[in-house]
Amino acid sequence: MQPDRGKRAHLRRLPFLAALTTVLCLTLVLPALPAQRPFTTEQSFSKVGHDDWEPSVAADAAGHVYIATTRYGGPNACKECPDPAIVVRRSTDGGTNWSKPNFICRCRGVEGQHDPVMVTDQSGRVFMTWMNDFDVQFARSEDFGRTWSPPGSLDGALNFSDKPWIAVSPSGRNVHVFFNVSDPYAVYSHNAGRTWSEPILTTKSGLYFFSGGATVTPDGTVLSSQAAYPQDEDGPISLFVVRSADGGKTWDTVGIDRSRKQPPCPSWAGCSAAYYGAQVAMASDANGRIYVLYNANKRREGAHRLYLRYSNDSGETWSLPRQMTHTRKRVDHEFPMIAATGDGEVHIAWMDDRNRLGRKWNVFYRQSTDGGRSWAKRRRLS
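Each residue of the sequence shown is one higher than the last, beginning at 0 in numbering that gives the first Met the number 0.
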């Protein structure tokens, strides 16, 4: 049963990650941008015969930008190497020019790789987590993505892990990775990923968990946003945050919201009910304000709306939900993403089907420069 759930979890994120444009990704990770700066045009990174999914983007203040994707098709690193495989491209000039794609590892004997997530620290080191089959992996680069450390497994004796997410402190010393084995787990390193704790269960409720974001605040509080589904995917979804004030050793839980059963999946016959499910993205700024952006509905199988909440006390209490879009009732909002930089600059993005219900999805973007109190008008990117 668990392997099938894991496979469905990989599929669940594919539509957003495949459709998300490079321009959008760069917006959400680069340092603070002027409010009215125009977006560049879209760039295609896939050659004919290559099928790139699940992009993750990271950037530092010096203009290094990294994109990792799960690539189906195309040449493999070796005959016994995984397909799909994770490839990385890097830019040293803020995304104008890009290197050729390189494999994160040869990883002989692995059938497939999925779910790459990258972050950088203030010195420019790059940290990545991903899945080798159903094993959570970690590697880091100390030369701006040219080479990577040998991958290491993080999930110990657990089987059928899935959906990792990563957060690092500004110095890069403290690294935290979250994943699920139905229940949610976390591991931590306090030496930049050289050694790791054993997996720690962050909460237990009999639900099936997905991480949607993670952050480390300036005071050292570690948080991860989670969506918890019924095992049969037929019921309400609990949206919440797990947090730790002692470096990842112990955890408590704070509720964010509750969404009713998700809309039916129109993408193809037999796709998972969680394909268009509620998710929670997370970010924090230099002032320690924590933001969550999530989609949720108020009636069973109803269209999702997009909401924002923030906390000024390390996640103890939260602002009231603020609806971030106002569209027709049947318009569905999915796949929220958020980034926060500097002194209260916040960027959000999502997809919705306002232009053709259930069939035509576009990427939209909004920005705040005052910690989420006011917002620029939405912009359509795709």
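For glycine and all other residues, C-beta sits at the position ideal for the given N, C-alpha and C.
Take Thr128 as the anchor and find which of Lys78, Ala156, Pro54 has the nearest alpha-carbon.
Pro54
Contact check, Ala282 vs Thr326 under 8 Å by CB: the rounded distance?
The pair is not a contact, with the Cβ atoms about 24 Å apart (cut-off 8 Å).
Note down the Cα distance separating Ala58 from Thr95, rounded to an integer number of angstroms.
13 Å
Since His332 is in the beta strand (DSSP E), which residue starts that stretch and which ends it?
332 to 340
Exposed or buried, what is Leu319 when buried is set at 16 or more other beta-carbons lying within 10 Å of its beta-carbon?
exposed
Report the option in Phe177, Gly287, Tyr228 whose CA atom is closest to the CA atom of Asp218.
Gly287
Can you have a look at Asp142 and say buried or exposed, based on whether 16 or more other CB atoms are within 10 angstroms of its CB?
It counts as exposed.
Kindly indicate which residue of Phe137, Met350, Gly371 has the alpha-carbon position closest to the one of Ser310.
Gly371
Cα-Cα separation, Leu206 to Asn179
11 Å
Compute the Euclidean distance between the alpha carbons of Val135 and Ser160, then round it to the nearest angstrom.
7 Å
For Ile255 and Leu292, which I take to be in contact (beta-carbon distance under 8 Å), what is that distance rounded to the nearest angstrom?
The Cβ separation is near 10 Å, so there is no contact.
Starting from Asn179, follow the beta strand (DSSP E) in both directions and report where the run begins and ends.
For Asn179, the enclosing beta strand (DSSP E) covers residues 174 to 180.
Going straight from the alpha carbon of Glu110 to that of Thr69, what length do you get?
13 Å
How far does the beta strand (DSSP E) with Glu110 in it reach, from first residue to last?
Neither: Glu110 is in no beta strand (DSSP E) and is coded neither H nor E.
Beta carbon of Ala227 nearer than 8 Å to that of Ser237:
yes
Cβ pair count under 8 Å reaching 3, the segment 73 to 81 against the segment 100 to 118:
Contact between the segment 73 to 81 and the segment 100 to 118 is present, because at least three Cβ pairs lie under 8 Å.
In chain order, which continuous runs of the alpha helix (DSSP H) of length 4 or greater are located wholly inside the segment 249 to 304?
none
Inter-residue Cα distance where the pair is Pro150 and Lys297
43 Å
Assign Asn354 to one of two classes, buried (16 or more other C-beta atoms within 10 Å of its C-beta) or exposed (fewer than that).
exposed
Quick one: which unbroken beta strand (DSSP E) runs of 3-plus residues sit fully inside the segment 137 to 172? Chain order, please.
161 to 167
Would you check if the distance between the CB atom of Phe137 and the CB atom of Val176 is smaller than 8 Å?
Between Phe137 and Val176, the C-beta spacing is below 8 Å.
Any idea what DSSP makes of Asp132, helix, strand or coil?
coil
So what does DSSP say about Arg124, is it helix, strand or coil?
coil
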